[in-house]
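Protein chains in written order, with numbering that gives the first Met the number 0: chain A, 0 to 333; chain B, 0 to 261.
Worksheet for the structure shown next.
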Amino acid sequence: MPAAIDIKNLYKQYPVPLKREAVNAVDNLTIKIEEGEIFGFLGANGAGKTTTIKILLGLIYPTQGEASVLGKPAGDIETKHKIAYLPESPYFYEHMTAAEVVTFYAQLFGLKREDAKKRAEELVDFVGLGSKSDRNKRISEFSKGMRQRVGIAQSLINNPTLLFYDEPTSGLDAIARRDIRDLMLQLKEQGKTMFLSSHQLEDVEKVCHRVSVIHKGKLRTIGLVDELLAGERVDITVSGATPSFNERLKTLAPEANVLGGAGTFNVKDDAGLVAQIIDTARAENTRIISIIPKRRTLEDLFVNIVGGRLTDEGSIEGAPDVNRVSANKYKELN
Amino acid sequence: MNAILTIAGNTISEALRRKVLNAFLLGGVAVLALTFMFGQFTARQELTLIRGMGLGIITLAGIFITVILSINLIPTEIERRTIYTILAKPVNRWEFLIGKWLGAIATIGVNIVLMGVVLIIAVALKQIGAENPSNPLELLKGILMIFLQMVLLCSVAVFFSVFLTPLVNFFLTLSLFIIGNMSSFTQDLAKTGSNILVKGFFTVVHYLVPNFGNFQFTNPLVNPAVEVKSELLFLTQNCIYGLVYSAVLLILAVLIFDRREV
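Printed below as a string of structure tokens:
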């Protein structure tokens with residue numbers, strides 16, 4: 000069975016006006032996504048996420064490399080019967096109602112007007128825009144969250160196998176974000192394949208099976224969420240720690256410290272070391288309350304890879320701009 | 000075909016909501032109504048004026064409606080990003096382009112027909128009680144020719160809209176319309192030019208720029224002394240000319256649009 004998405008050595012260059020140079024929006028990208036996978040495509044604004052999605056949809060063309068979707072070259076019309084796309088900040092015809100927008104897109108799939116209307120009604124209800132007041136509103140009166148719901152509704156018309164969601168929760172308030180995330184979790188339960196481009200790390204962490212980080216067009220890391228976030232430290236909580244336990248603990252893990260008789264300390268995630276601490280606690284009549292491997296967050300991972308914190312708006316705070324600083328300075332900073 | 004008709008239908012409903020088009024339509028209808036102000040002339044002169052001015056006003060309003068609508072057809076979809084969700088559906092780029100063109104043609108057609116109906120009614124009313132009244136429905140031939148002229152003008156604007164900005168397109172399309180209406184002039188310059196370069200330039204212009212002047216049918220309708228030998232042949236030839244020229248422009252537009260990044 001072919002991969003849902005297969006990208007091989009993909010490049011997209013844009014010429015710089017008045018210069019004989021080109022900017023790499025996508026730089027030698029290779030990714031394979033299997034069916035049924037929810038794949039997170041992480042990166043700051045301008046990292047190359049939307050460019051990659053546009054290439055996969057056939058809206059723009061790669062400078063070099065190959066991209067296939069559901070076993071067919073990117074942009075194939077037949078494949079488009081099985082896929083869906085929710086663009087970042089989706090724009091619709093402002094004079095239409097949500098149901099009219101979805102009916103319009105349903106007709107583009109070849110549905111007859113009556114069938115399209117029926118499908119639109121179902122989907123408008125599904126995304127929570129079925130109330131009487133929402134039904135009568137035009138898109139121009141919709142909030143960003145409501146527009147995003149319309150976007151999701153239009154993306155489900157054809158019961159797609161593969162969904163491309165570009166920043167589906169960007170710029171939404173906490174409640175709208177949670178609702179959209181819940182909708183994505185429902186799609187995950189249904190076994191859909193999703194290519195989720197986002198800089199909302201929390202959403203990606205909750206929804207995705209596998210993630211990749213793209214920065215300045217280049218793939219920086221890729222892997223299972225659990226693997227990538229597996230921490231290197233373990234939190235051990237004890238009570239009734241005796242002074243001799245504390246003494247022996249200092250020799251095993253000098254950085255660990257239990258003040259008073261109870262507390263939590265943090266040691267390296269090393270099976271041998273943890274076993275030694277358990278034995279020591281037994282021997283010294285100290286009770287172990289819990290041993291919890293410490294998970295990293297995607298935020299930590301991102302900071303490690305990119306060198307800066309990702310803001311809610313999708314820009315990077317504190318990261319050196321490799322385009323602006325010299326190579327030596329960049330080395331120093333890292 | 001379903002996708003083309005859906006896109007065309009949406010283009011019509013969107014265009015009819017644009018106030019600028021309604022303004023031209025209402026303006027056209029209002030000016031046609033003003034043609035009742037020629038009371039100082041004889042009945043025959045008044046009818047000639049109403050027919051001539053009426054067709055002229057329809058042409059002028061038609062030009063502005065056509066140009067303003069057509070130059071924005073594709074760029075607006077790209078600028079508003081509505082094109083992304085459409086082309087992500089199983090819609091070929093050629094279907095999108097033809098759908099938009101068809102929607103524009105239908106909108107222009109509705110506008111011209113509305114103005115034409117007003118003119119025909121105005122002429123019919125003016126002829127009540129007149130001796131030897133002419134058939135006001137004769138004006139339909141002139142209105143058809145104006146519509147065909149606008150179909151061709153729309154195709155020119157749509158062709159340029161796939162690779163030019165609306166502003167450049169506006170001036171270029173209008174310029175070509177003016178040059179295309181001076182076909183006999185460019186033909187003369189092509190023959191009598193001062194040197195080979197001038198002759199070559201005007202020959203190219205004469206054969207490349209669509210001959211919008213071909214569609215002029217006002218004279219035979221206004222002036223009874225002007226006769227067309229075979230009206231049917233004249234109308235058929237111009238229909239074929241307009242449609243073939245439009246088809247060629249649309250094929251070229253599709254070829255360019257197919258490679259364009261959106």
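Just so you know, even glycine gets a beta-carbon here, dropped at the ideal spot from N, CA and C.
Specify the secondary structure class of residue i as computed by DSSP and reduced to three states.
| i | result |
| --- | --- |
| A/GLY222 | strand |
| B/ALA14 | helix |
| A/VAL100 | helix |
| A/LYS328 | Residue placement at A/LYS328 is poorly supported in this model, since its pLDDT is 39, which falls under 50; the coordinates are not used for a value here. |
| A/PRO292 | strand |
| A/LEU28 | strand |
| A/ASP269 | coil |
| A/ARG323 | For A/ARG323, the predicted model reports a pLDDT of 34, less than 50, meaning its position is unreliable; a value from the coordinates is still stated below. It is coil, neither helix nor strand. |
| B/ARG43 | helix |
| B/LYS228 | coil |
| A/ALA2 | coil |
| A/ALA46 | coil |
| A/ALA255 | coil |
| A/LEU9 | strand |
| B/LYS190 | helix |
| A/GLY64 | strand |
| B/LYS88 | coil |
| B/GLU125 | The question names Glu, but residue 125 of chain B is Lys in the sequence shown. B/LYS125 falls in the helix class under three-state DSSP. |
| A/LYS18 | coil |
| B/PRO135 | helix |
| A/VAL305 | helix |
| A/GLY57 | coil |
| B/MET52 | helix |
| B/MET114 | helix |
| B/SER245 | helix |
| B/ARG259 | coil |
| B/GLN236 | helix |
| B/ALA266 | Nothing can be reported for residue 266 of chain B: it is not among the residues displayed for chain B, which extend from 0 to 261. |
Could you name the residues that DSSP lists as bridge partners for residue i?
| i | result |
| --- | --- |
| A/MET193 | A/ILE37, A/LEU162 |
| A/SER238 | A/ARG286 |
| B/PRO219 | Per DSSP, none; premise fails for B/PRO219. |
| A/HIS214 | A/LYS217 |
| A/ASN23 | A/GLN12 |
| A/THR263 | A/THR236 |
| A/LYS71 | A/VAL68 |
| A/LYS82 | Lys is not the amino acid found at residue 82 of chain A; the sequence shown has Ile there. For A/ILE82, which the question treats as bridged, DSSP gives the partners A/LEU161. |
| A/ARG209 | A/PHE38, A/LEU223 |
Around the C-beta of residue i, are 16 or more other C-beta atoms found within 10 angstroms, so that it is buried, or is it exposed?
| i | result |
| --- | --- |
| B/PHE159 | buried |
| A/GLU188 | exposed |
| B/SER174 | exposed |
| B/PHE40 | exposed |
| A/LYS330 | Its pLDDT being 40, under 50, A/LYS330 is placed unreliably in this model, and the coordinates cannot settle the point. |
| A/ALA326 | The predicted position of A/ALA326 is uncertain, since its pLDDT is 35 and thus under 50; no value can be drawn from it. |
| A/PRO147 | Correcting the residue type first, residue 147 of chain A is Gln in the shown sequence and not Pro. Result: buried. |
| A/MET193 | buried |
| A/HIS94 | exposed |
| B/PHE184 | exposed |
| A/GLN106 | buried |
| A/GLU166 | buried |
| A/ALA270 | exposed |
| B/MET36 | exposed |
| A/ILE37 | buried |
| A/LEU332 | At A/LEU332 the pLDDT is 37, less than 50, meaning the model places this residue with poor confidence and gives no usable figure here. |
| A/GLU122 | Correcting the residue type first, residue 122 of chain A is Leu in the shown sequence and not Glu. Buried, because 16 or more other Cβ atoms sit within 10 Å of the Cβ of A/LEU122. |
| A/LEU218 | buried |
| B/ASN222 | exposed |
Do residue i and the ligand MG come close, with the Cβ less than 6 Å from some heavy atom?
| i | result |
| --- | --- |
| A/ARG294 | Because no ligand of any kind appears in the structure shown, any question about the ligand MG cannot be addressed here. |
Taking beta-carbon pairs under 8 Å, can you tell me which members of the segment 60-81 of chain A lie near chain B?
TYR60, ILE76, GLU77, LYS79, HIS80
Of the residues that make up the segment 83-112 of chain A, which ones have a beta carbon closer than 7 Å to any beta carbon in chain B?
TYR84, PRO86, PRO89, TYR90, PHE91, TYR92, HIS94, PHE103, TYR104, GLN106, LEU107, PHE108, GLY109
Selection of the segment 150-169 of chain A by Cβ proximity to chain B, strictly under 7 Å:
GLN153
What are the residues of the segment 35-63 of chain A that lie near chain E, defined by any Cβ-Cβ distance shorter than 9 Å?
The structure shown contains no chain E; the protein chains it does contain are A and B.
Relative to chain A, which residues along the segment 60-86 of chain B have a C-beta separation below 9 Å, given in chain order?
ARG79, ARG80, THR81, ILE82, TYR83, THR84, ILE85, LEU86
Using a Cβ-Cβ cutoff of 8 Å, what residues of the segment 86-107 of chain B are near chain A? List them in chain order.
LEU86, ALA87, LYS88, PRO89, VAL90, ASN91
Note down, one range per segment and in chain order, each alpha helix (DSSP H) of at least 4 residues found wholly within the segment 84-163 of chain A.
97-107, 112-125, 131-135, 143-154
Residues of the segment 153-177 of chain B with Cβ closer than 7 Å to any Cβ of chain A, in chain order
none
Using a Cβ-Cβ cutoff of 7 Å, what residues of the segment 0-25 of chain B are near chain A? List them in chain order.
ASN1, ALA2, THR5, ASN9, GLU13, ARG16
Whole alpha helix (DSSP H) runs in the segment 137-218 of chain B with 4 or more residues, listed along the chain?
138-160, 165-179, 182-191, 195-207
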